[in-house]
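J.:
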Amino acid sequence: MRAIVISSPGGPDVLEWREVPDPVPARGEVVIEITASAVNRADLLQRQGLYPPPPGASEIPGMECSGVITEVGEGVDTLTVGDEVTALLAGGGYAEKVAVPWQQVMPAPTSLAESAALPEVACTVWANVFMAARLRKGETLLVHGGASGIGTMAIQLGKAFGSRVIVTAGSEAKLERCLALGADRGINYREEDFSQALKDDRPDVILDIMGAKYLQPNVAVLAHGGRLAIIGMQGGTKGELDIAALLRKRGTVMASALRSRTPDEKGAICRGVADSVWPLVSAGAISPVVHAEIPMEHAAEAHRMLEAGDHIGKILLVG
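According to my numbering, the sequence shown is numbered sequentially starting from 32.
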């Protein structure tokens with residue numbers, strides 16, 4: 032098969048479309064012939080040599096895909112050849128085929144191409160906002176980076192489950208798209224300090240991609256009993272926490288990564304997504320937000336597009 036190989040750590044030009052050995056399913060795995068994959072910020076870090084895949088995972092980048100099952104390994108009795116699926120991956124998505132543990136495979140809830148835009152964002156939002164932070168109906172959710180793939184999913188899921196949603200984004204065009212997706216309020220972080228803007232409008236749950244830079248202001252705006260879920264480090268890795276402020280609010284700060292979890296842990300999240308999110312997608316209540324579809328062999332172009340930061344939603348790589 033052909034796949035994108037990282038020839039050495041560096042810029043987008045180190046991504047090379049090469050022939051590599053076909054994947055062989057181990058016990059408990061299936062092989063998917065990939066229709067589409069998607070680009071995530073973790074892929075950029077991996078390309079730069081800053082975020083290697085977990086031990087035993089494919090060195091080929093790509094953390095999600097959609098496609099058709101072509102092989103089923105021993106011990107798999109819930110999936111069959113010919114099933115149209117989408118999958119959460121530890122690696123291997125920038126390729127024509129990938130082997131993946133059966134627990135991380137879900138039915139495709141919409142067209143195969145669009146379904147590739149869903150696994151990473153849906154699983155990330157479900158695991159952090161609903162499983163860990165326990166967002167409840169009537170509460171307020173603050174989403175940083177509302178126009179990102181994760182942000183556009185968080186807006187739609189928050190609204191679908193009866194919450195009020197506030198977003199931050201870096202342009203009026205992005206804020207307009209977030210409001211069109213259902214967000215109740217938008218803050219342009221280039222023009223307004225969100226911690227000042229939200230002094231009288233405090234969120235119960237914050238989904239944060241920034242990390243260190245936003246740690247103190249996030250804690251400052253949390254409602255009493257609020258929960259801060261950190262899923263990214265775009266604003267740095269080391270911050271200062273005002274524990275007294277957190278104590279006064281009876282607040283919670285949590286952080287998690289999806290990629291390093293075991294197949295069984297990922298499987299629990301995937302089951303929740305398939306049961307609770309996919310019916311909303313199939314009914315049209317939640318839609319994948321796709322900014323562009325780029326041929327997989329031109330993955331470097333997709334990386335440049337993601338790094339430029341002008342996109343809204345997901346950038347897909349199609350076979």
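Don't be surprised by glycine CBs; every beta carbon is placed ideally from N, CA and C. Quantities reported herein were computed from a predicted structural model and do not represent experimental measurements.
Going by C-alpha to C-alpha distance, which of E332, G242, G303 sits closest to A288?
T.: Looking up residue 288 in the sequence shown gives position 257. Comparing Cα positions, the closest option is G242.
J.: Just to confirm before moving on: does the CB-CB distance between K345 and A69 stay below 8 Å?
T.: As a first step, residue 345 is located in the sequence shown; it is residue number 314 there, counting from the start. As a first step, residue 69 is located in the sequence shown; it is residue number 38 there, counting from the start. Contact: yes.
J.: Taking the DSSP output, what are the residues bridged to S97?
T.: By 1-based counting over the sequence shown, the position of residue 97 is 66. Note: S97 sits in a beta bridge opposite A67, T117.
J.: Could you pull out every residue in the same chain whose Cβ sits closer than 6 Å to the Cβ of Q79, ignoring the five residues on either side in sequence?
T.: Reading the sequence shown from its first residue, position 48 is the one you call residue 79. Only P40 meet the Cβ criterion.
J.: Shortest alpha-carbon distance to G303 belongs to which of G106, A153, S146?
T.: What you label residue 303 is simply residue 272 of the sequence shown in a count that begins at 1. Closest option to G303, Cα to Cα, is A153.
J.: Which whole runs of the alpha helix (DSSP H) in the region 118 to 176 are 4 residues long or more, in chain order?
T.: Taking only runs of at least 4 residues, the alpha helix (DSSP H) segments lying wholly in the region 118 to 176 are 143 to 146, 150 to 156.
J.: Looking only at its chain, what residues have a beta carbon closer than 6 Å to the beta carbon of A164, apart from the 5 residues adjacent to it on each side?
T.: Stepping through the sequence shown from its first residue, residue 164 is reached at position 133. Contacts found: V236, R258, A260.
J.: Helix, strand or coil for E60? Go by DSSP, reduced to three states.
T.: Numbered from 1 along the sequence shown, position 29 holds the residue referred to as residue 60. Strand.
J.: Can you list the alpha helix (DSSP H) stretches of 4 or more residues lying completely in the region 285 to 318, in chain order?
T.: For the region 285 to 318, whole alpha helix (DSSP H) runs of length 4 or above, ordered along the chain, are 294 to 307, 309 to 313.
J.: Have a look at Q265 and E222 and give me their C-alpha separation to the nearest angstrom.
T.: For the purposes of this step, residue 265 is taken as residue 234 along the sequence shown, with counting starting at 1. For the purposes of this step, residue 222 is taken as residue 191 along the sequence shown, with counting starting at 1. Looking at the two C-alpha atoms, the distance is approximately 19 Å.
J.: Cβ of Q135 within 8 Å of Cβ of C301?
T.: For the purposes of this step, residue 135 is taken as residue 104 along the sequence shown, with counting starting at 1. For the purposes of this step, residue 301 is taken as residue 270 along the sequence shown, with counting starting at 1. Contact flag set, yes.
J.: Quick check: the region 56 to 64 against the region 80 to 95, are there 3 or more CB pairs under 8 Å?
T.: No: the two stretches stay apart, fewer than three of their Cβ pairs being nearer than 8 Å.
J.: For the beta strand (DSSP E) that E332 lies in, which residues bound it at each end?
T.: Walking along the sequence shown from the start, residue 332 turns up at place 301. Unbroken run through E332 is the alpha helix (DSSP H), 330 to 339; no beta strand (DSSP E).
J.: What does DSSP give as the partner residues of R279 in its beta bridges?
T.: As a working note, residue 279 is residue 248 in the sequence shown. Beta-bridge pairing links R279 to no other residue.
J.: Identify, in the order they occur along the chain, each residue of the same chain with its Cβ nearer than 8 Å to the Cβ of W157, setting aside the five sequence neighbours on each side.
T.: Your numbering for residue 157 matches position 126 in the sequence shown. Same-chain partners within the cutoff: L188, I300, G303, V304, S307, V308.
J.: Going by C-alpha distance, which of E145, E60, V198 is nearest W133?
T.: Indexing the sequence shown from 1 puts residue 133 at position 102. With distances taken between Cα atoms, W133 lies closest to E60.
J.: State the DSSP-derived secondary structure class of K230, mapped to helix, strand or coil.
T.: For the purposes of this step, residue 230 is identified with residue 199 of the sequence shown, where counting begins at 1. The answer is coil: DSSP assigns K230 none of H, G, I, E or B.
J.: Pick from D114, I91, P92, M94: whose alpha carbon is nearest that of E102?
T.: Residue 102 sits at position 71 when you count from the first residue of the sequence shown. For E102, the nearest C-alpha among the options comes from D114.
J.: Would you identify the three-state DSSP class for E271, choosing helix, strand or coil?
T.: As a first step, residue 271 is located in the sequence shown; it is residue number 240 there, counting from the start. Note: E271 maps to coil in three-state DSSP.
J.: Apart from the five residues on each side of it in sequence, which residues of its chain come closer than 7 Å, Cβ to Cβ, to V131?
T.: Working through the sequence shown from its first residue, we reach residue 131 at position 100. E60, V61, I63, A118, L120, listed in sequence order.
J.: Apart from the five residues on each side of it in sequence, which residues of its chain come closer than 8 Å, Cβ to Cβ, to P248?
T.: On the sequence shown, position 217 is the one that residue 248 refers to. Only D224, F225, S226 meet the Cβ criterion.
J.: Three or more C-beta pairs under 8 Å: does that hold for the region 279 to 287 against the region 86 to 104?
T.: Taking 8 Å as the limit for Cβ pairs, the verdict is that the region 86 to 104 does not touch the region 279 to 287.
J.: Rounded to whole angstroms, what's the CA-CA distance from S318 to S97? Just pull it up for me.
T.: Counting from one through the sequence shown, the residue named residue 318 turns up at place 287. Counting from one through the sequence shown, the residue named residue 97 turns up at place 66. Taking the straight line from one Cα to the other gives about 16 Å.
J.: Tell me which same chain residues have a C-beta within less than 8 Å of the C-beta of V160, skipping the five on either side of it?
T.: Locating residue 160 in the sequence shown gives position 129, where the first residue counts as 1. Correct list, in chain order: L166, L172, A185, L188, G189, V236, L238, A260.
J.: In its own chain, which residues sit with a C-beta less than 6 Å from the C-beta of P85, not counting the 5 before and 5 after it?
T.: In the sequence shown, residue 85 corresponds to position 54, counting from 1. So the list reads A121, S291, once near-sequence residues are dropped.
J.: Count Cβ pairs between the region 190 to 197 and the region 322 to 340 that sit closer than 8 Å; are there 3 or more?
T.: No, the region 190 to 197 does not touch the region 322 to 340.
J.: Measure the CB-CB distance between M137 and V107 and report whether it falls below 8 Å.
T.: Taking the first residue of the sequence shown as position 1, residue 137 is located at position 106. Taking the first residue of the sequence shown as position 1, residue 107 is located at position 76. The answer is no: Cβ separation not under 8 Å.
J.: Could you pull the start and end residues of the alpha helix (DSSP H) that T183 belongs to?
T.: Here residue 183 corresponds to residue number 152 of the sequence shown, with the count starting at 1. Its alpha helix (DSSP H) spans residues 180 to 191.
J.: Tell me whether the beta-carbon of Y125 lies closer than 8 Å to the beta-carbon of I218.
T.: Along the sequence shown, read from residue 1 onward, the residue named residue 125 stands at position 94. Along the sequence shown, read from residue 1 onward, the residue named residue 218 stands at position 187. Not a contact, by the Cβ cut-off of 8 Å.
J.: Start and end of the alpha helix (DSSP H) containing L259?
T.: The residue given as residue 259 occupies position 228 in the sequence shown. Unbroken run through L259 is the beta strand (DSSP E), 258 to 261; no alpha helix (DSSP H).
J.: Whose C-alpha, out of A88, G42, P52, is nearest the C-alpha of P294?
T.: The sequence position of residue 294 within the sequence shown is 263, counting from 1. Answer by Cα proximity: A88.
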